[in-house]
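In this note's numbering, the protein residues as written are 2 to 480.
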């Protein structure tokens, strides 16, 4: 039975998800050359051109004249799932990897995350009514297949989207992007010399608050060293000025958070086998804050092991300064994730490296009973007083499995209450959320949590009590 592959090429009105994801993650960045392997009608190539990127593409049907030439980033998006011959499928992936000088972006349709097409069994996939072939992978299966074909473990970028990197430096940069980071807010005391040279000193202050230490001379640009020397006599003098206008307690807090951030980074690099030796700045941070690389790696190894222990996860969930403990999990808003204990941040990091990042996630559920993380997508968290859950993805780390759920019926969608409990106290709308919850408490709306779990149930309770919510204000409903 003949498969008509050319019918799988669709006309796009926007960038494809793998290309849009690679742009958002900085894989495709300024100056990058991009090659689209199996570009179909060339929609991604044309749009990348309009964005100012050097982009070319090849497709056996629609752009057969395009040269298959090396590029910084090669995208092979939704190609491997339409090739019915397993040997040819492997050859296409291998050829695309051969052309990628820095990174390969691989995307395929996945079971659960995508709606399965109707069709009859054909080889290891389905033949649709349009005589096109579709091989649907599980998310984990696609990652394992890439590893098997290329001999390199890919990084999950999003459901069904993976990156394969040529060197550890790019892999480490991507790994860091998956770690939630918290920076304490600095308060500057009035000081004439600091105020007079604020713009020149600011890059030094930024470095110190990021790394928890003063920079080496080689970590500043020639221009920065020159400007500091002219303005205040040099970086050492500028460092003393910074310390004179800030509290010691602030720097103690900075060091604690940077140590934790490094521990999480080292633990996740161990989880993924990334070599940190390619980053001299991180190595200097480690030596400054831990005394030695061996000491830091040993502590990170213990942290990684601890993240797999339910009792340790439980204790850390109870001790978390942010989030709500309910049932067997800690629930936390994404804005506060970086303030959870390192053990739970490692759990989250492992899940993100396995499953990638789903779009629109605002609540994260960190289980302390199972090595499991759920990423929930609610309606606009700030705008809706009680956002409805639209979808979720659950990552079972031990099983290397990802499952998805969608909530299509507005009446039966789970609804969120007491939003202030999920965010940090310095969240811009914390006070507004808390005021609404207090008003709802006074009216007894939370007296029976079992009957207000869904949007339909919540609306029914409000009607029974003769109440309505406008914005974040509770009031009597009109008769």
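Built from N, CA and C at the ideal position, the CB exists for glycine as well.
Since the model is a prediction, treat every value here as computed from it, not as a measurement.
State the DSSP-derived secondary structure class of residue i, mapped to helix, strand or coil.
i	result
residue 326	strand
residue 1	Since the first residue shown for the chain is 2 and the last is 480, residue 1 is missing from the structure and cannot be characterised.
residue 212	helix
residue 144	helix
residue 55	strand
residue 107	strand
residue 198	coil
residue 504	Outside the displayed range of the chain (2 to 480) lies residue 504, so it cannot be described from this structure.
residue 190	coil
residue 219	helix
residue 373	strand
residue 361	coil
residue 93	helix
residue 49	helix
residue 67	coil
residue 86	coil
residue 350	helix
residue 78	strand
residue 334	strand
residue 14	coil
Taking all protein chains shown into account, decide if residue i is buried (16 or more other Cβ within 10 angstroms of its Cβ) or exposed.
i	result
residue 136	buried
residue 482	Nothing can be reported for residue 482, as the shown portion of the chain is limited to 2 through 480.
residue 296	exposed
residue 426	exposed
residue 409	exposed
residue 387	buried
residue 353	buried
residue 164	buried
residue 471	exposed
residue 447	exposed
residue 155	buried
residue 342	buried
residue 14	exposed
residue 364	buried
residue 359	buried
residue 243	buried
residue 438	buried
residue 222	exposed
residue 76	buried
If residue i and residue j are in contact, beta carbons under 8 angstroms, what's the gap, nearest whole angstrom?
i	j	result
residue 347	residue 304	6 angstroms
residue 58	residue 78	With 8 angstroms as the limit, residue 58 and residue 78 do not qualify as a contact, their Cβ atoms being about 11 angstroms apart.
residue 18	residue 162	7 angstroms
residue 94	residue 36	About 14 angstroms separates the two Cβ atoms, so there is no contact after all.
residue 350	residue 158	Wrong, their Cβ atoms sit about 14 angstroms apart, outside the cutoff.
residue 68	residue 34	Not confirmed; about 13 angstroms, so no contact.
residue 441	residue 417	In fact, because the Cβ distance is near 13 angstroms, the residues do not count as touching under 8 angstroms.
residue 269	residue 240	That pair is no contact at about 31 angstroms.
residue 210	residue 187	6 angstroms
residue 325	residue 286	In fact, because the Cβ distance is near 33 angstroms, the residues do not count as touching under 8 angstroms.
Ordered along the chain, which non-local residues of its own chain (more than five positions away) have a Cβ less than 7 angstroms from that of residue i?
i	result
residue 329	368, 369 and 370
residue 340	183, 322, 323 and 425
residue 457	412 and 413
residue 235	229
residue 198	232 and 233
residue 91	150
residue 288	294
residue 80	38, 39 and 93
residue 215	209 and 240
residue 301	264, 267, 268 and 271
Spatial neighbours of residue i within its chain, please: C-beta separation below 8 angstroms, excluding the five flanking residues on both sides.
i	result
residue 174	27
residue 407	391 and 392
residue 444	466, 468 and 475
Could you name the residues of the same chain whose beta carbon sits closer than 6 angstroms to that of residue i, not counting the 5 residues immediately before and after it, in chain order?
i	result
residue 308	344, 347 and 348
residue 278	none
residue 98	105 and 151
residue 261	343
Any beta carbon of chain D sitting closer than 8 angstroms to that of residue i?
i	result
residue 207	The structure shown contains no chain D; it holds only a single protein chain.
Verify the contact flag: residue i, CB atom, against every heavy atom of the ligand HEM, threshold strictly below 7 angstroms.
i	result
residue 36	This structure simply doesn't include the ligand HEM, nor any ligand for that matter.
Exercise. Which runs of the beta strand (DSSP E) spanning at least 3 residues fall entirely within the region 377-434, listed in chain order?
Worked result: 390-397 and 402-407
Problem set entry | Length-filtered (4 minimum) alpha helix (DSSP H) runs lying within the region 230-262 | 236-245
Problem set entry | Length at least 4, wholly inside the region 256-316: the alpha helix (DSSP H) runs in chain order | 281-291 and 294-307
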